[in-house]
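For the sequence shown, the tail end lands on 165 under the working numbering, and the numbers increase by one without skipping.
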Amino acid sequence: MTPMYEPAEPLRDALTAITGRESPDFVGNAYSCNDLTDQQTIELQDWCSMNARPEWSTGIGILEAAELLVEEAIANANIARPKDNG
């Protein structure tokens, strides 16, 4: 099945949808935190905490939700798999 979309920045797109704000540039074309360094993941989790909607949500919860949006879109063939994972 051919994916419907090939987003350039899937994790950033998901984070924007959840928080309403554009995530840090270092997220780039990541599909998950596995594509980031440990330090970048920590910084991104902090960013999620500071930009949480609703305010009582957690940074890790937002980050996991964004990753789940990307994973489910891949599983449903809505977006292409990362090129290096075929």
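Every residue gets a Cβ at the ideal spot worked out from N, C-alpha and C, and that includes glycine.
Would you report the Cα separation of residue i and residue j, rounded to the nearest angstrom?
i           : j           : result
residue 154 : residue 98  : 23 Å
residue 165 : residue 150 : Reliability of the predicted coordinates at residue 165 is poor, the pLDDT of 43 falling under 50, and no value is obtained from them.
residue 121 : residue 81  : 34 Å
residue 102 : residue 88  : 11 Å
What's the call for residue i, buried or exposed, on a 16-neighbour Cβ count within 10 Å?
i           : result
residue 156 : exposed
residue 135 : exposed
residue 141 : buried
Taking residue i as part of the alpha helix (DSSP H), name the residues at either end of that continuous run.
i           : result
residue 152 : 138-154
residue 97  : 89-98
CB residue i to CB residue j, shorter than 7 Å?
i           : j          : result
residue 161 : residue 84 : no
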